[in-house]
Amino acid sequence: MPPQNTDDLNINDSRNDELVQRLKTALSLPSGDGGTAALTSVLEHIHPADIAAATEFLTRSEALALFNWLDNARAAEVIDELDPQLVRFLIDNIPPGRIADLLDRLPMDDAAEVVAEAAPERQEPLIKELEACAAEDAREVRELLSYKPRTAGRLMVDKFVRLKATDTVEEAFASVRSAGRQVETLTDLYVVEPATGKPGEERLVGVISLRGLVYAEAIAVIGAVMATDLVTVTVDTDQEEVARLISKYDFLAMPVIDRDGNLAGIITVDDVIDILVEENTEDALKQGGVEPGVLNTPYFSTPIWQVVRSRVTWLVLLFVAETATGSVLRHFDDELAKVTALAFFIPLLIGTGGNTGAQTVSTIIRGIALKEIRFRDTGRVLGRELLSGLLLGLVLGSIAFGRALMWDRSASGLQLASVVGITILVVIIWANTIGSLIPLAAQKLKIDPALVSAPLITTLVDATGLVFYLLIAKAILAQLH
89 MPPQNTDDLN
99 INDSRNDELV
109 QRLKTALSLP
119 SGDGGTAALT
129 SVLEHIHPAD
139 IAAATEFLTR
149 SEALALFNWL
159 DNARAAEVID
169 ELDPQLVRFL
179 IDNIPPGRIA
189 DLLDRLPMDD
199 AAEVVAEAAP
209 ERQEPLIKEL
219 EACAAEDARE
229 VRELLSYKPR
239 TAGRLMVDKF
249 VRLKATDTVE
259 EAFASVRSAG
269 RQVETLTDLY
279 VVEPATGKPG
289 EERLVGVISL
299 RGLVYAEAIA
309 VIGAVMATDL
319 VTVTVDTDQE
329 EVARLISKYD
339 FLAMPVIDRD
349 GNLAGIITVD
359 DVIDILVEEN
369 TEDALKQGGV
379 EPGVLNTPYF
389 STPIWQVVRS
399 RVTWLVLLFV
409 AETATGSVLR
419 HFDDELAKVT
429 ALAFFIPLLI
439 GTGGNTGAQT
449 VSTIIRGIAL
459 KEIRFRDTGR
469 VLGRELLSGL
479 LLGLVLGSIA
489 FGRALMWDRS
499 ASGLQLASVV
509 GITILVVIIW
519 ANTIGSLIPL
529 AAQKLKIDPA
539 LVSAPLITTL
549 VDATGLVFYL
559 LIAKAILAQL
569 H
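In this text, residue positions in the sequence shown follow my numbering: the first is 89, and each later residue adds one.
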């Protein structure tokens, strides 16, 4: 998005409620001078992103009334910040001609995103409306929507400064000045040449930053001062990989190459920030066993039925799987009846195993996401986790042994403490092992590791940890012989 007027005021969380209430009051006034004056007073210096945040807490009718009051320039900036469900509602209730004007005012990647959030049967009519007032913009939106969601092709824009290698620095500055506000960014300038045998297509040959241009001599030729060690992505590159590369190289924009190797567009860092927020939110939801479909909707705006639907699938699966724990306890019912003290330590063992496994899973998933760990590293990962599990198990097992012995210092108490300490050691090593293997196996099977790892680790450790505990007890405790 282009930079906003610096006179706009940012609203922090503590003031958002106040803005919502002021908007509700202004919108409740009769239409005409009174209502218009009230809305003008409320929104005069408010940033569009803050208006969008407040709009999420309005009723649908209030949100529509607000949009009918906003001028098109401001409405375009606000609609780009809204959650998809509200965007779809507004698209269905605002005249198509006005929607087309709003799309025309947005960067084309944002316009394509708004169109994609409309109902499928509304997308083509929206593009046709846009075509009537801005044919080139409609062509760009169609092209962006032709790429798969969550890929670089969906995020790129083609409005950037193009230079030729034969330009002088002085001529390059003239190109920057003439581009003005028509381009997405002036941070990096891209040096292109015509693609061989492809009229209208361009091949990227270099890049120079605006800072580099400032420091260069006015008579210097761009080809002599540009960087040629290019880092690019393709239109099919996953958006998470784009974000990782921009973060790795500290870029403010990333050039995108099409399937023929020609320059298709660029992705700017503001879009990458949105990607990182989305991906981190999605991973957090997946690790909690929640379907990520709710991530685009604010918490209080998400219907209860959608919240339930997003959680119930994994909860039912885990509920069924956790019945294995009950089966284990039933199988060892006689042993538990003979030594009731065994039951005292079951929560400790299950909790310790689950916590250990969750830590391991989080570490491995992070390594996979950052490309630090690949499937071929399974042996090395397993060795490290076995060693760390052994050391952690010795520490926590010793603590558990001492704690159990404090309760009962008799000979049978010593045996029970030994059972608890040894089981803690075994469970931690086991949790570390499966906590490292499950994400790697999921990656190999092309399943998102975050989706399956955390729920599976809890279920497996609960059931198997109990088996280890009661088998060790059966082997050590004299009462069970």
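For each residue, glycine too, the CB sits at the ideal point set by N, CA and C.
None of the values given here were measured: they were computed from a predicted structure.
Tell me, which residues are paired with residue i by DSSP?
i, result
"alanine 222", "Paired residues: none, contrary to the question."
"methionine 196", "Answer is none; methionine 196 lacks a bridge partner."
"valine 257", "According to DSSP, valine 257 bridges with nothing at all."
"serine 297", "Asp276"
Helix, strand or coil for residue i? Go by DSSP, reduced to three states.
i, result
"proline 287", "coil"
"glutamate 281", "strand"
"leucine 174", "helix"
"leucine 417", "helix"
"isoleucine 79", "This structure gives no information on residue 79, because the portion of the chain shown stretches from 89 to 569."
"threonine 273", "coil"
"arginine 238", "coil"
"isoleucine 134", "strand"
"leucine 292", "strand"
"valine 584", "An answer regarding residue 584 cannot be provided, because it is not within the stretch 89 to 569 covered by the chain."
"leucine 152", "helix"
"valine 203", "helix"
"leucine 251", "strand"
"valine 245", "strand"
"phenylalanine 145", "coil"
"alanine 304", "coil"
"aspartate 168", "coil"
"leucine 424", "helix"
"lysine 534", "coil"
"proline 213", "helix"
"proline 208", "helix"
"leucine 554", "helix"
When you compare only the Cα positions, how much space is there between residue i and residue j?
i, j, result
"aspartate 138", "aspartate 171", "13 Å"
"glycine 353", "serine 450", "35 Å"
"phenylalanine 248", "lysine 216", "26 Å"
"valine 400", "glutamate 410", "15 Å"
"valine 483", "leucine 474", "14 Å"
"leucine 558", "valine 202", "58 Å"
"valine 108", "leucine 292", "48 Å"
"tryptophan 402", "isoleucine 526", "17 Å"
"isoleucine 522", "leucine 504", "27 Å"
"threonine 428", "aspartate 338", "60 Å"
"serine 498", "arginine 418", "28 Å"
"arginine 332", "leucine 458", "7 Å"
"asparagine 98", "leucine 174", "At asparagine 98, the pLDDT of 49 sits below 50, so the modelled position is not reliable; the number obtained from the coordinates is stated separately. Distance between the alpha carbons of asparagine 98 and leucine 174 is about 22 Å."
"leucine 190", "alanine 253", "37 Å"
"arginine 491", "phenylalanine 463", "40 Å"
"leucine 218", "aspartate 180", "16 Å"
"serine 486", "alanine 551", "23 Å"
"aspartate 276", "alanine 153", "41 Å"
"alanine 262", "phenylalanine 155", "39 Å"
"phenylalanine 177", "leucine 127", "22 Å"
"glutamate 305", "glycine 294", "18 Å"
"leucine 470", "aspartate 421", "35 Å"
"phenylalanine 432", "alanine 206", "56 Å"
"alanine 125", "arginine 162", "17 Å"
"threonine 143", "isoleucine 134", "12 Å"
"lysine 562", "valine 555", "11 Å"
"proline 208", "glutamate 367", "24 Å"
"alanine 341", "arginine 250", "14 Å"
Between residue i and residue j, which are expected to be in contact by the criterion C-beta below 8 Å, what is the C-beta distance as a whole number of angstroms?
i, j, result
"serine 524", "threonine 448", "6 Å"
"isoleucine 512", "glycine 481", "6 Å"
"aspartate 326", "arginine 238", "6 Å"
"isoleucine 355", "alanine 240", "6 Å"
"methionine 196", "valine 166", "Between valine 166 and methionine 196 the Cβ distance is about 18 Å, and since that is not below 8 Å, they are no contact."
"isoleucine 517", "glycine 477", "4 Å"
*alpha helix (DSSP H) runs wholly inside the segment 447-521, at least 4 long, in chain order*: If we require 4 residues or more, the alpha helix (DSSP H) runs fully inside the segment 447-521 come out as 466-495.
*Unbroken beta strand (DSSP E) runs of length 3 or more, entirely within the segment 311-379: which are they?*
Restricting attention to beta strand (DSSP E) runs no shorter than 3 residues, the segment 311-379 encloses them at 341-345, 351-356, ordered along the chain.
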